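> The numbers in this note's numbering rise by one with no breaks, and the one at position 84 of the sequence shown is 106.
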Amino acid sequence: MAIATDTQLAQKASTEAAAEKKRWTLNDFDIGKPLGRGKFGHVYIAKEKRSNHIVALKVLFKSQLKQSQVEHQLRREVEIQSHLRHPNILRLYGYFYDQKRVYLILENAAKGELYKELQRCKYFSERRAATYIASLARALIYCHGKHVIHRDIKPENLLVGAQGDLKIADFGWSVHTFNRRQTMCGTLDYLPPEMVESAEHDASVDIWSLGILCYEFLYGIPPFEAKEHSDTYRRILLVDLKFPPKPVVSSAAKDLISQMLVRETSKRLPLHKLLEHPWIIQNADPSGVYKF
Ligand code: AMP
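#1: Rounded C-beta distance between residue 240 and residue 156? I'm assuming under 8 Å.
#2: Should residue 153 be labelled buried (16 or more other beta-carbon atoms within 10 Å of its own) or exposed?
#3: Figure out for me which residue from 229, 83 and 143 has the closest Cα to the Cα of residue 64.
#4: Taking C-alpha atoms, which residue in 108, 308, 119 and 107 lies nearest to residue 97?
#5: Report the three-state DSSP secondary structure of residue 233 (helix, strand or coil).
#6: Take residue 217 as the anchor and find which of 174, 185 and 180 has the nearest alpha-carbon.
#7: What would DSSP say about residue 266, mapped onto helix, strand or coil?
#8: Could you give the DSSP three-state label for residue 177: helix, strand or coil?
#9: Quick one: is residue 172 buried, meaning 16 or more other Cβ sit within 10 Å of its Cβ, or exposed?
#10: Are the region 286 to 298 and the region 157 to 164 touching, with three or more C-beta to C-beta distances below 8 Å?
#11: Who are residue 65's beta bridge partners in DSSP?
#12: So, with DSSP's three-state summary, where would you put residue 246?
#13: Once you ignore the five residues that flank residue 265 on each side, which residues in its own chain have a CB closer than 7 Å to its CB?
#14: Spell out the partners DSSP gives residue 123 in its beta bridges.
#15: Compare the beta carbon distance of residue 106 and residue 129 with 8 Å and say whether it is the shorter of the two.
#16: Given that a residue counts as buried once 16 or more other Cβ atoms are within 10 Å of its Cβ, and exposed if not, what is residue 123?
#17: Can residue 192 be considered in contact with the ligand AMP, in the sense that its beta carbon sits closer than 7 Å to one or more heavy atoms?
#18: Contact defined as beta carbons within less than 8 Å: I believe residue 301 pairs with residue 283. What is the distance between those atoms, to the nearest angstrom?
#19: Check the C-beta distance from residue 127 over to residue 116 and give it rounded, since I have them as a contact under 8 Å.
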């Protein structure tokens with residue numbers, strides 16, 4: 023085995039640092055077909071010319087970001103997501119900009135949006151739901167370990183990789199925090215009671231949202247859905263949790279959901295305990311991937 027000298031190691035380290043700091047431009051990429059469009063721009067499949075690496079290039083218009091006053095949110099998203107490395111978190115490799123646009127170089131999630139899969143299937147099998155919930159719990163344990171809370175876990179923010187592996191995609195609402203927070207954010211159906219009340223919240227907001235997601239995976243609709251926003255708020259605050267007779271869902275799954283959707287934040291099932299819950303043990307695929 024060759025042993026690298028200190029000089030070789032130093033050279034390697036500086037090459038890697040240079041690669042990390044590389045200033046990207048549009049010329050570094052061959053742009054392919056559009057993958058989708060979001061509120062602030064478009065996403066294209068692209069190939070990085072030197073490495074032939076396939077990525078998703080998200081193109082955002084500065085004017086629209088300014089108009090909606092989300093530049094700050096985008097900066098935060100880039101800052102947080104670029105430092106996270108987990109198989110179930112979408113990688114953000116880098117970014118660059120020109121006069122009019124900001125470009126995000128993202129991992130390509132070949133199987134697209136989970137939301138569309140859920141719409142197509144209406145609801146998922148327990149095996150599929152448990153596999154997804156376990157992989158998301160592991161990703162959130164990793165985030166929380168880095169003092170990052172996501173705050174916006176919902177099907178629309180989940181993408182699927184080529185192997186069927188789930189990827190948390192949108193860190194637009196996430197925060198890097200050591201303190202309890204007091205801002206209103208997230209989407210109505212997935213909001214925990216403490217955020218409905220604009221009270222302090224911490225990492226346990228992600229446990230609540232994962233409970234909502236588990237319910238939606240199994241029943242096809244979120245648990246506190248209502249016609250009027252005010253009714254959804256009311257049902258969330260009362261934790262008005264009902265399990266319809268159809269589709270048939272095991273009592274173990276209902277038990278897990280009931281332990282996550284708890285009003286008192288400190289009584290929500292911790293994520294490492296979720297991974298030991300009988301429903302997860304019996305249903306989640308040990309590979310962490312649901313192939314479809
Ligand atoms: P967004 O602006 O993030 O909402 O993205 C718009 C659409 O582009 C999404 O709904 C996806 O269909 C697609 N998309 C975004 N990011 C990726 C990605 N990393 N890999 C594959 N498709 C993506």
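Positions of the beta carbon are idealized from the N, C-alpha and C atoms, including for glycine.
Computed from a predicted structure; not experimentally measured.
Well, looking at it:
#1: Wrong, their Cβ atoms sit about 14 Å apart, outside the cutoff.
#2: When all chains shown are included, residue 153 counts as buried.
#3: Among 229, 83 and 143, the Cα nearest to that of residue 64 is on 83.
#4: For the residues 108, 308, 119 and 107, the minimum Cα distance to residue 97 belongs to 119.
#5: Three-state DSSP puts residue 233 in a helix.
#6: Comparing C-alpha distances from residue 217 to each of 174, 185 and 180 shows the shortest one belongs to 174.
#7: Residue state for residue 266 is assigned as coil, using DSSP reduced to three classes.
#8: The answer is helix: DSSP assigns residue 177 an H, G or I state.
#9: Buried.
#10: With the cut-off at 8 Å, the region 286 to 298 and the region 157 to 164 touch.
#11: Answer is 58 and 80.
#12: Residue state, collapsed to three classes: coil.
#13: Short of 7 Å from the beta carbon of residue 265, and not among the five residues preceding or following it, lie these beta carbons of its own chain, in chain order: 271 and 276.
#14: BP columns for residue 123 point to 83.
#15: Their beta carbons are not under 8 Å apart, which means residue 106 does not touch residue 129 by this criterion.
#16: Buried: at least 16 other Cβ atoms inside 10 Å.
#17: For residue 192, the shortest C-beta to heavy atom distance toward the ligand AMP is below 7 Å.
#18: Distance from residue 301 to residue 283 at the Cβ level is roughly 15 Å; contact not present, criterion being Cβ atoms closer than 8 Å.
#19: Rounded to the nearest angstrom, the Cβ distance from residue 127 to residue 116 is 5 Å, consistent with a contact under 8 Å.
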